[in-house]
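Peer 1: Going by the working numbering, the first residue of the sequence shown is number 134, and it counts up by one from there.
Beta carbons: idealized from backbone N, C-alpha and C, even for Gly.
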Amino acid sequence: MSIIRPFRAFRPAQDLASSIAALPYDVYDSREARRIVEAKPMSFLKIDRAETLLPEGTDIYSKKVYETARHTLDKMIWDGSFIQDETDCYYVYALTMKGRTQTGLVGCASIDDYLNGVILRHENTLETKEQDRIRHIDACSAQTGPIFLTHRPDEDLRHILNRISHGPALYDFTSEDGIRHQVWKIQSAEDIADISRLCGQMNHLYIADGHHRAASAVKVGLARKSADPNSSSMEEYNFFLSVLFPSDELKIYGYDRIVTDKNGYTTESFFDKIKDGFNIIGTGNKPLRPSRKGDFGIYCGGAWYRLSAKPALISDDPVKGLDVSILQDHILAPVLGIHDPKTDPRIRFIGEIKGFSALEQAADESGGIAFSMYPTSMDELLRIADHGLLMPPKSTWFEPKLRSGLFIHKF
């Protein structure tokens, strides 16, 4: 059974939420982050990506970067940019994109639940990305970006959150990308007790997004626990900032692939190599977003095609049956030579939300091949996690993205 508990969040002063809230740190490279902070000096990116406050060329993993993050956070707390609630609270966080709203519960999840398999993962993590967030969390003594968790729908919990979200909001703003963000505070002792009880009845929670942030928060918590001879497992460092959404309110988008060359093939010889496993149909140069499992859009040599996997390639195995696995196992590895997509510099990943032009431009500039993907489903994600299995990297792209800086968990 899962443990979720309320906390005393540090959060933006009432009139600063829209100025501070920022997309997750890993959405941007360093140059893009600098441009954001220059345009929006209050952006939380100056804490999540503190190299933006240091001279260009600064090693983004240097000690100075993490010290700057801590000093900047402390200063914003001191000057009132961030305020702290006086009692432990839950929060409701609703995001609305193109008329679709997902409503989540903000609280703190247990690192013990992460370790004992109550919180399930569907992706591996990379050590270099973990180390960055470990240093950031440790330096700030805070988790600054929420872990995006999902759970199977619970109508009693949904009813409580919906009731609260009909009251006056703490924050209500629309970000530059058109996403509406609304936050409400839950401070009623009765509601807090009911929410904690309902969360405690959930057999599993699932990481939808934020695998590296979760793993890093857990490792920092374990290190603090090891250094504290009086630890009771209830200290704040034993919990990490999370937002829990019911799975039926979430939407997964396709996570497209770009391979930056054809591995020595011409367009014609590449198609000849894969024709035994796939039906190949031209689209009249019309960009293609697949409408069913087993289909792929492909942009190659300036033209679009539809690839349809033949029955022999379709598997009932939870992982091998994923479209990302079919592509990896039957085209990327054996034909294009991409054997480890986590580390191979010849492959890039672009969220469907970026549009076809991003795929076409990347393929044209590199002389490579773009693949548009049919999205992994929530049922597939939950099934794989329930079986203790892992998806190939970059199998899911969730939109809208949670904003960092709206809630900070200090310990």
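So for S441, helix, strand or coil by DSSP?
Peer 2: Numbered from its first residue, the sequence shown carries residue 441 at position 308. For S441, the secondary structure class from DSSP, reduced to helix, strand or coil, is strand.
Peer 1: With a Cβ-Cβ cutoff of 9 angstroms, do T393 and G488 count as a contact?
Peer 2: Within the sequence shown, numbered from 1, the residue matching residue 393 stands at position 260. Within the sequence shown, numbered from 1, the residue matching residue 488 stands at position 355. It is not a contact, given that the beta carbons lie outside the stated cut-off.
Peer 1: Tell me whether A242 is buried or exposed, calling it buried when 16 or more other Cβ atoms sit within 10 Å of its Cβ.
Peer 2: As a working note, residue 242 is residue 109 in the sequence shown. Buried: at least 16 other Cβ atoms inside 10 Å.
Peer 1: Let me make sure I understand the geometry here. Which of S510, E200 and T307 has the alpha-carbon closest to that of R268?
Peer 2: The residue given as residue 268 occupies position 135 in the sequence shown. With distances taken between Cα atoms, R268 lies closest to E200.
Peer 1: Expressed to the nearest angstrom, what Euclidean distance is found between the alpha-carbon atoms of C433 and D456?
Peer 2: Residue 433 sits at position 300 when you count from the first residue of the sequence shown. Residue 456 sits at position 323 when you count from the first residue of the sequence shown. In a straight line, the C-alpha of C433 is about 19 angstroms away from that of D456.
Peer 1: Hey, D221 and R296: beta-carbon distance below 9 angstroms or not?
Peer 2: Walking along the sequence shown from the start, residue 221 turns up at place 88. Walking along the sequence shown from the start, residue 296 turns up at place 163. Not closer than 9 angstroms, so no.
Peer 1: Kindly indicate which residue of Y247, G190 and E219 has the alpha-carbon position closest to the one of R164.
Peer 2: Residue numbering aside, residue 164 sits at position 31 when the sequence shown is read from its first letter. Taking the Cα of R164 as reference, the smallest distance to any Cα among Y247, G190 and E219 is reached at G190.
Peer 1: Tell me which same chain residues have a C-beta within less than 8 angstroms of the C-beta of M134, skipping the five on either side of it?
Peer 2: Here the question's residue 134 lines up with position 1 in the sequence shown. Answer for M134: V251, G333, Q334, M335 and N336, listed in chain order.
Peer 1: Closest to K358 by C-alpha separation, out of S490, V198, Q235 and D245, would be which residue?
Peer 2: On the sequence shown, residue 358 is found 225 positions in, with the first residue counted as 1. The residue with the shortest Cα to Cα distance from K358 is D245.
Peer 1: What residue range is occupied by the uninterrupted beta strand (DSSP E) comprising D428?
Peer 2: Counted from its first residue, the sequence shown places residue 428 at position 295. D428 -> beta strand (DSSP E) spans D428 to C433.
Peer 1: How about R422 and G387: do their beta carbons lie closer than 9 angstroms?
Peer 2: For this step, residue 422 is matched to residue 289 along the sequence shown. For this step, residue 387 is matched to residue 254 along the sequence shown. For R422 and G387, yes; Cβs fall inside 9 angstroms.
Peer 1: Report yes if the C-beta distance between F306 and A154 is below 9 angstroms; otherwise report no.
Peer 2: Mapped onto the sequence shown, residue 306 falls at position 173. Mapped onto the sequence shown, residue 154 falls at position 21. Taking 9 angstroms as the Cβ cut-off, F306 and A154 qualify as a contacting pair.
Peer 1: Quick one: what's got a C-beta closer than 7 angstroms to L515's C-beta in the same chain, skipping five residues either side?
Peer 2: As a first step, residue 515 must be located in the sequence shown, where it is residue number 382. Cβ neighbours of L515 beyond the five flanking positions: Y339 and S380.
Peer 1: Which word fits K545, buried or exposed, when buried means at least 16 other C-beta atoms lie within 10 angstroms of its C-beta?
Peer 2: This structure cannot speak to residue 545, because the chain is shown only from 134 to 544.
Peer 1: What three-state label does DSSP hand Y194 in the structure shown?
Peer 2: Locating residue 194 in the sequence shown gives position 61, counting from the first residue. Looking at Y194 - three-state DSSP - the assignment turns out to be coil, as it is neither helix nor strand.
Peer 1: What are the start and end residues of each continuous alpha helix (DSSP H) run of 4 or more residues lying completely inside the region 253-287, in chain order?
Peer 2: 260-273
Peer 1: Is the beta carbon of V573 sitting closer than 9 angstroms to the one on I280?
Peer 2: In the structure as shown, the chain begins at 134 and stops at 544. Residue 573 is therefore absent and cannot be evaluated.
Peer 1: Rounded to whole angstroms, what's the CA-CA distance from E532 to S308? Just pull it up for me.
Peer 2: Reading the sequence shown from its first residue, position 399 is the one you call residue 532. Reading the sequence shown from its first residue, position 175 is the one you call residue 308. Here the alpha carbons of S308 and E532 stand approximately 14 angstroms from one another.
Peer 1: Could you tell me how far apart the beta carbons of A350 and F373 are, in whole angstroms, since I believe they sit closer than 8 angstroms?
Peer 2: Taking the first residue of the sequence shown as 1, we reach residue 350 at position 217. Taking the first residue of the sequence shown as 1, we reach residue 373 at position 240. That pair is a contact at about 4 angstroms.
Peer 1: Taking the alpha helix (DSSP H) that K352 falls in, what are its first and last residues?
Peer 2: As a working mapping, residue 352 is identified with position 219 in the sequence shown. Here the alpha helix (DSSP H) through K352 covers H344 to A360.
Peer 1: In the DSSP assignment, what are the bridge partners of I541?
Peer 2: Locating residue 541 in the sequence shown gives position 408, where the first residue counts as 1. In DSSP, I541 forms a bridge with F143.
Peer 1: Could you tell me whether any Cβ in chain D is nearer than 9 angstroms to the Cβ of N418?
Peer 2: The structure shown contains no chain D; it is built from a single protein chain.
Peer 1: According to DSSP, simplified to helix, strand and coil, what is H204?
Peer 2: As a first step, residue 204 must be located in the sequence shown, where it is residue number 71. DSSP places H204 in helix when its eight states are reduced to three.
Peer 1: On the three-state DSSP scale, how would you describe I312?
Peer 2: In the sequence shown, the residue the question calls residue 312 occupies position 179. Reduced to three states, the DSSP call for I312 is coil.
Peer 1: From the DSSP output, which residues share a beta bridge with P379?
Peer 2: Here residue 379 corresponds to residue number 246 of the sequence shown, with the count starting at 1. DSSP, once it has assigned bridges, lists H284 as partnering P379.
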